[in-house]
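Asker:
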Amino acid sequence: MATTSEPDNKYTFRYDFKTIEAKWQEVWQKESTYKVSEDDTQGDKREKYYVLEMFPYPSGRIHMGHVRNYSIGDVIARYKRLRGFNVLHPMGWDAFGLPAENAAQKNKSHPARWTYDNIDYMRDQLRQLGLSYDWDREIATCNPAYYRHEQLIFLQMYERGLAYQKKTTVNWCNSCQTVLANEQVIDGTCWRCDEPVTPREMKGWFFKITAYAEELLRDLDKLKGWPDKVVTMQRNWIGKSEGLTCDFKIAGSEELLSIFTTRPDTIFGVTFMSIAPEHPLIDVLIQGSDREQEIRDFIAAIILEKQQQKPDDEQEKKGIFTGRYCLNPFNGDEIPVYVANFVLMGYGTGAVMAVPAHDQRDFEFARKYNLAIKPVVFPEGVTLIAGEMEAASVEQGLLADSGTFNGLSSLAAKQAIIDHAGNNGFGAPHTTYRLRDWGISRQRYWGTPIPIIYCEKCGIQPIPAEQLPLTLPADTDSDRNSCAPLHQRESFLQTTCPACGGAARRESDTMDTFVESSWYFARYTSPRDTQTPIDLAKAAHWLPVDQYIGGVEHAILHLLYSRFFTKVLRDLGYLDIDEPFTNLLTQGMVIKDGAKMSKSKGNVVDPNDLIHEYGADTVRLFSLFAAPPERDLEWNAQGVEGAFRFLNRIYRYVMGHQELLTRAGDGNIVIQSTADQALHRKTHQTIQRVTLNIENNFHFNTAISGIMELFNTLTTLAPMDSDQPQDKVSPPLIHEAVRAILLLLSPMVPHFCAELWQQIDSPRPLDQEQWPALDLDAAKEDEITVVIQVNGKMRSRLQVAADTDDEIIKEMALSDGNIQKIIMAKPVKKVIIVQKKLVNIVI
RNA sequence: GCCUGGAUGGUGGAACUGGUAGACACCCGAGACUUAAAAUCUCGUGGGCCUUGCGCCCGUGCGGGUUCGACUCCCGCUCUAGGCACCA
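Residue 86 is where the first sequence starts when you use our numbering, and the numbers rise one by one after that.
1) Are Gly177 and Glu223 closer than 7 Å when you measure CB to CB?
2) Helix, strand or coil: which one does DSSP assign to His643?
3) For the alpha helix (DSSP H) that Lys402 lies in, which residues bound it at each end?
4) In three-state DSSP terms, what is Cys582?
5) Closest by CA to Asn925, which one among Glu601, Glu715, Lys895, Ala822?
6) In or out: Cys278 buried (at least 16 other Cβ within 10 Å) or exposed?
7) Any idea which residues DSSP pairs Ile826 with across the strands?
8) Taking DSSP's pairing of strands, which residues face Arg285 in a bridge?
9) Going by DSSP in three states, Pro229 sits in which element: helix, strand or coil?
10) From Pro547 to Leu553, what distance separates their C-alpha atoms?
11) So the beta strand (DSSP E) Thr516 belongs to, where does it begin and stop?
12) Report the partner residues of Asp846 according to the DSSP bridge assignment.
13) Taking DSSP as the reference, what is the three-state secondary structure of Trp290?
14) Just tell me which of Ala640, Gln481, Gly466 has its CA closest to the CA of Trp322.
15) Tell me the rounded alpha-carbon separation between Ala248 and Ser576.
16) By how many angstroms is the C-alpha of Ile928 removed from the C-alpha of Pro912?
17) In the DSSP output, which residue or residues are listed as bridge partners for Lys681?
18) For the alpha helix (DSSP H) containing Glu108, name the first residue and the last one.
19) Where Gln723 and Thr346 are concerned, what is the direct C-alpha to C-alpha distance, given to the nearest angstrom?
20) In this structure, what does DSSP give as the bridge partners for Gln250?
21) I need the straight-line Cα distance from Ile525 to Arg574, nearest angstrom please.
22) At 4 residues or longer, what runs of the alpha helix (DSSP H) sit wholly inside the stretch 837 to 896?
23) Taking just the CA atoms, how far does Glu866 sit from His643?
24) Along the chain, which unbroken stretches of the beta strand (DSSP E) at least 3 residues long are found entirely within the stretch 295 to 383?
25) In chain order, what residues of the same chain lie with their CB nearer than 7 Å to the CB of Arg221, ignoring the 5 residues before and after it?
26) Pop quiz: Glu132 and Phe170 are said to be a contact at Cβ under 8 Å. What is the actual Cβ separation, rounded to whole angstroms?
27) Taking C-alpha atoms, which residue in Glu401, Thr253, Phe181, Asn426 lies nearest to Ile387?
28) Could you please give the first and the last residue of the uninterrupted alpha helix (DSSP H) stretch that includes Glu744?
29) Taking Ser831 as the reference, which of Leu709, Lys191, Glu541 has the closest Cα?
30) Comparing C-alpha positions only, which one of His572, Ser603, Cys585 sits nearest to Arg591?
31) On a Cα-Cα basis, can you pick out the residue from Met318, Gly328, Asp205, Phe102 that is closest to Glu638?
32) Just the C-alpha distance for Glu377 and Val422, rounded to the nearest angstrom, thanks.
33) Under DSSP, the beta strand (DSSP E) around Ile918 begins and ends at which residues?
34) For Ser487, count neighbouring Cβ atoms within 10 angstroms of its own Cβ and tell me buried if that reaches 16, exposed if not.
35) Residues bridged to Gly488 by DSSP?
36) Going by DSSP in three states, Glu719 sits in which element: helix, strand or coil?
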């Protein structure tokens, strides 16, 4: 082996990671070490394990977040292989999206060109990290071979009413002639051109995720392997509430105003009605009134205000009286109807029964407009008096002033009132969700075209499945139109109707890129199948994903959409599972100087530089060692140096003992000295500890420190510079310890370990090895330290044989010199003995 | 405002189910090697006190509590990160 610089100078020695890493990457590629055979669905007897990291957007080059994410996944993949699993570990590219269009415009290139170039570069970077992917399964979502299947899935969803079109309000930038996503609108202006964004009514395509709301909520209980945090976030996002819909008659009219409430128990406390400014009934209510114009102006003003408000500031509550009343069906009260700026048309019925005594918003509104406040639910032991209330009382309690329902508890009253409404035909129990249907239309170029045709005669016509894929139009010219959205491309739009053959136009929207990432994990199980999106048998074998790893920023959208797609694909007959990801690990961010790495902060660390300076193994080792995966990782250049130093120490040690280790390979383990015993014990304790750290919660940081401890023990008991280390420790035990170190470290530091493994003349390459076997007897301590406390404070220690009787330990503790001094002649009240741990003497 | 996490030496982080707080590293300091430096190796390294002892006191964001014993459990706060936010 060569060294990086002067081979003879052992003082400046740094192991030659460049040669070693290149060598093993080539071996793995040439031998397809990590390829998972398609036949494994039938032939392989090993248990399957599917580990997946969230695939990247090919933005150009990988960043530290990727390095961390993929290192974690790779450790799990390699560990599971050593444990005898048949591991599926694929990688691909989430390749559609707006950045490609922007870059293409800037460089007068084409999004496809830009994207594929980036993929080539980044694939190379991932190879350099030594990640054990089955590259034969690589997919890029912008490839028609992928998105044709997505188009088919869309058509099947359309057939079942799960994909539908409706009118919606979008953010429109007139100067860019495009729709912007919410996150692209910054303070009401376009993120790219700074022109104001205007709302615009457009038709768009939606996926009916609300049809699965209940199942998505219910199945959260099955996700035992997900962080509670993510489950909670999804539960809140779905936002189920149960209550009552109830119709209030408009006075002097046959019209009904329908409301939804989760607090039917407060229905006798209704003193006014608030409706959304967009509510369709408004026209009917105010038509012909002498205040019609005044009201319309007010409504227009609050709608405008709403559009311009920043997402995070709350508007002052305001409203206007429509001049009309409605009737409370429970007691006949006449209730004024107001238009209010805080009522959302998109939730419930767009109308709210206002109970100022028991709802804070209604309370504020009532105070402002001098409306009645009528308390009807008294929390236990409290009598509410309208004039004395400082704020709404939102607690449950006992009903008062509520007719025949007086004295009931809130809980009982809810049911009774719902029943009463139902029996009298003006209401029904109702469940509503915060979750909205998923709008997937994007007016862009670089996305999956929606396979729909509009015919004047025949209406909306899906493209026949056998005509898929509907590919993106290639460019006819290389000018700035190279990424013109589809609606600007006449030749793409013009087509013929599949039903009548007459002239027709194509849909020009492309799909949200979240659609591609909602099913890619399933596609990996049959990535080259041209007949069907997903081969049911193969998917049944591999899915669900046993371990999914990615950033917590995808806790809601990506993970919710993937769960939704899994259920849809199941109902379409492609999958036989309910949930896609059994276990989820959300890793923390990589930060530096206390802040997220970003160009604007100038604290970005480029993985390329690190790989060149220290090699992939060191970069991986440090990113796994510096923090447990779920926590943020503070990047520290000196820490990287420390990780590199550790590998160098092992390298020097193993190569310095190469001959001995090679010879010792076939020797039996015979304990001949206390040093032998100590090393043997530490070796097996470390095997146990590392295994537990990985199995329990993937805490590689403590696993690595365990291995460091073992190596420290090894170099203390059998020092490097000793002429004849076998004087103290027998060679087979050094061999055992080194073997353990290399095997235990290999999932984290794969090239390095594979090389040293070969250098000590092991019979098989490391990739074909098994995780080291644990000998529990060997790990057992025969002497233990028992702590002696007096009144809970540590005062002395005892070294005793592990099997010493509790009574004897107690006697020893009481007669211990230090203890005698402390307790003097005072009476001992109590002695607590914790087996093999401590004695606490209470005086 | 609501819902989640988090807070431990100069730093990153350990500590099983309530049982020796600070493992393992980084930084820093001292020494060895060297003409010298780097590298490497050895030792030290939470704070304070003195009587320098296998010593004592304090110490896991703050204030209480439970317990023989609390970083760990309970109650009440502070700060911080993230998510949601007029959802009726």
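All C-beta atoms, glycine included, are put in the ideal place defined by N, C-alpha and C.
Answerer: Result, derived from the coordinates:
1) yes
2) helix
3) Careful: Lys402 lies outside any alpha helix (DSSP H) and carries neither H nor E.
4) coil
5) Lys895
6) exposed
7) Its beta-bridge partners do not exist; DSSP assigns none.
8) Val255
9) helix
10) 11 Å
11) 512 to 518
12) For Asp846, which the question treats as bridged, DSSP gives no partner whatsoever.
13) strand
14) Ala640
15) 26 Å
16) 6 Å
17) Ile676
18) The question names Glu, yet the displayed sequence has Lys at residue 108. 102 to 115 is the extent of the alpha helix (DSSP H) around Lys108.
19) 59 Å
20) Trp290
21) 20 Å
22) 861 to 864
23) 49 Å
24) 325 to 335, 341 to 346, 357 to 360
25) The identity of residue 221 in the sequence shown is Asp, whereas the question assumes Arg. If we look at Asp221 and ignore the five residues flanking it on each side, its Cβ neighbours are Lys120.
26) 5 Å
27) Asn426
28) 743 to 749
29) Leu709
30) His572
31) Met318
32) 14 Å
33) 915 to 919
34) buried
35) Gly488 pairs with nothing; no bridge assigned.
36) strand
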